[in-house]
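For the sequence shown, the working numbering assigns the number 13 to the initial residue and increments by one for each residue that follows. Below is one structure, written out as structure tokens; comments come after it.
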Amino acid sequence: GPTSVAGDALHRHNCTCAHMARLALLVFGSLVSTSRCLEHRPLLTTRLATAHSRAPTPLLAAATLSASQGDAASSGASVPSTVANLAKNIVGSGVLALAAGVGAFSGASVAVLPALVMLCAMCALSAYTFSTIARVSAAVGADTYRDAWSRIFGKRSAAFPNAAIIFKTFVGSLAYAIILGDSAASMASLAGAKGLLAAPNAWIGIISAAVLLPLCLLRDLSSLSAGSVIGTCGTAYTALFMAIRCLDRSYAPGGARAELIAPAMRPAFAAAAGPLGGLNLKALVLVSMLATTFLAHYNAPKFYAELATPKHGSKLRSFNVAVAGGFALAAALCGSIMCAGFLRLSARVRLLVHSFVDS
13 GPTSVAGDAL
23 HRHNCTCAHM
33 ARLALLVFGS
43 LVSTSRCLEH
53 RPLLTTRLAT
63 AHSRAPTPLL
73 AAATLSASQG
83 DAASSGASVP
93 STVANLAKNI
103 VGSGVLALAA
113 GVGAFSGASV
123 AVLPALVMLC
133 AMCALSAYTF
143 STIARVSAAV
153 GADTYRDAWS
163 RIFGKRSAAF
173 PNAAIIFKTF
183 VGSLAYAIIL
193 GDSAASMASL
203 AGAKGLLAAP
213 NAWIGIISAA
223 VLLPLCLLRD
233 LSSLSAGSVI
243 GTCGTAYTAL
253 FMAIRCLDRS
263 YAPGGARAEL
273 IAPAMRPAFA
283 AAAGPLGGLN
293 LKALVLVSML
303 ATTFLAHYNA
313 PKFYAELATP
323 KHGSKLRSFN
333 VAVAGGFALA
343 AALCGSIMCA
353 GFLRLSARVR
363 LLVHSFVDS
């Protein structure tokens with residue numbers, strides 16, 4: 013009857029008022045959260061603040077953000093695991109070519125000194141820009157490099173960095189597949205395998221499909237922490253092995269393994285043509301190599317987003333500690349492999365992996 017209709021109308025009116033009240037509270041919470049984020053970032057430009065206000069942040073998440081900041085640390089990657097992940101992300105197949113970069117401008121053993129200076133300088137510059145990209149991405153509410161670019165420069169140009177990242181990561185994955193396939197074929201041959209199992213191309217296909225592709229499809233980098241530790245230990249073992257072979261001089265003229273390697277791959281040092289090993293413009297070859305050696309910036313927003321919020325102190329400070337540790341570890345590994353490879357082969361270093369004998 014009329015009473016029930018009036019009751020239904022009153023009920024709908026009350027529900028509408030309640031929904032509007034909730035929405036008003038959520039909007040107010042969003043504004044408070046946004047103002048607090050901008051208040052703690054006085055160095056950011058007005059354009060970043062505007063981009064942050066345009067970011068499509070969920071209202072419920074924004075309303076509860078300020079209340080959750082004082083709670084216990086959120087789930088996510090720890091600083092040590094982030095250091096291991098970042099170091100493994102940086103140290104890739106390109107580290108094996110750094111010795112050739114030194115040999116490009118000098119054949120004197122003293123050339124490792126300016127090479128190490130260039131390596132440390134590029135490492136520090138890359139670490140700073142890595143942290144800056146993560147900070148800007150957090151300021152605009154982006155979790156990926158492409159998202160941060162589109163919110164700052166617009167969506168029309170977002171395809172360009174995305175294409176560059178796809179190309180770079182594809183080339184890196186291809187290099188990993190070739191190195192792993194070639195190494196697996198060599199180990200299979202030593203184990204007595206013949207035919208297809210001793211062919212590098214077969215192992216490249218197997219490793220790419222069974223190992224590399226599943227790893228590339230992972231959406232969460234924190235799940236790779238255990239594998240990153242193993243991979244970093246493997247890289248450290250490679251650096252240690254090369255250092256031992258460099259110090260025991262078994263590959264030097266008259267050494268135990270000197271006659272086992274091809275004549276074109278034997279060490280051949282030259283006298284320094286000037287100070288610092290004859291430093292010249294060809295050193296820019298090494299600089300270009302170092303610029304890509306420490307390149308992991310496309311993952312900076314993801315590393316920051318997946319880092320656990322500390323109970324005390326700011327997340328940015330914890331992130332900077334992880335960045336410093338990851339880049340320092342990467343620089344130590346890259347520097348040791350570069351110096352050991354160059355001092356063992358000098359200007360003749362080209363294919364570093366193939367320059368070691370199997371025994």
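A virtual CB, placed ideally from N, CA and C, is assigned to each residue, including glycine.
- Shown here, Ala211 sits in coil according to DSSP, grouped into three states, outside any helix or strand.
- Taking a 10 Å sphere around the C-beta of Ser87, we find fewer than 16 other C-beta atoms and assign the residue as exposed.
- Excluding sequence positions up to five before and after Ala268, its CB lies within less than 8 Å of the CB of Ser262, all in the same chain and listed in chain order.
- Contact between the region 126-136 and the region 344-354 is present: three or more C-beta pairs spanning the two stretches fall below 8 Å.
- The C-beta distance from Ala96 to Ser240 rounds to 4 Å, short enough to fall under 8 Å.
- Taking 7 Å as the cut-off, the Cβ atoms of Ser330 and Val91 count as close.
- Within the DSSP bridge table, the entry for Ala89 names Leu319 as partners.
- Within the same chain, Cβ atoms closer than 6 Å to the Cβ of Phe117 are found at Asn292, Lys294, Ala295, the five residues on either side in sequence being excluded.
- Comparing C-alpha distances from Ile177 to each of Ser326, Leu341, Gly338, Leu307 shows the shortest one belongs to Leu307.
- An exposed status is given to Glu271, since fewer than 16 other beta-carbon atoms sit within 10 Å of its beta-carbon.
- Counting only the Cα atoms, Ala255 lies some 46 Å from Ser169.
- A Cβ-Cβ separation of about 10 Å leaves Lys314 out of contact with Asp159 under the 8 Å criterion.
- Secondary structure of Lys327 (DSSP, three-state): helix.
- Straight-line measurement puts the Cα of Thr141 at about 10 Å from the Cα of Val335.
- By the criterion of a C-beta distance shorter than 6 Å, Ala99 is surrounded in its chain by Thr244, Gly338, Leu341, Ala342, once the five residues flanking it on both sides are discounted.
- Pairing Leu137 with Gly184, the inter-Cα distance amounts to about 22 Å.
- For Gly166, there are no CB contacts under 6 Å within the same chain when 5 residues up- and downstream are skipped.
- Non-local C-beta neighbours of Tyr316 in its own chain, meaning closer than 7 Å and more than five positions away in sequence, comprise Ala146, Ser149, Ala150, Phe331, ordered along the chain.
- Secondary structure at Tyr263: coil, using DSSP grouped into helix, strand and coil.
- The Cβ neighbour count for Val223, taken over all protein chains shown within 10 Å, is under 16; the residue is labelled exposed.
- The straight-line gap separating the alpha-carbon atoms of Ser220 and Pro212 is approximately 12 Å.
- The C-beta distance from Val124 to Leu298 rounds to 11 Å, too long to fall under 8 Å, and the pair is not in contact.
- Just so you know, the alpha carbons of Ser326 and Thr94 end up roughly 16 Å apart.
- Measuring C-alpha to C-alpha distances from Cys258 to each of Gly106, Ser121, Ala203, Gly104 identifies Ser121 as the nearest.
- Counting only the Cα atoms, Gly153 lies some 45 Å from Gly115.
- Of the candidates Tyr310, Ala197, Val333, Ala197 places its Cα closest to the Cα of Leu209.
- In the DSSP annotation of this structure, Ala154 is not part of any alpha helix (DSSP H), being labelled neither H nor E.
- The C-alpha of Gly246 lies about 13 Å from the C-alpha of Ser105.
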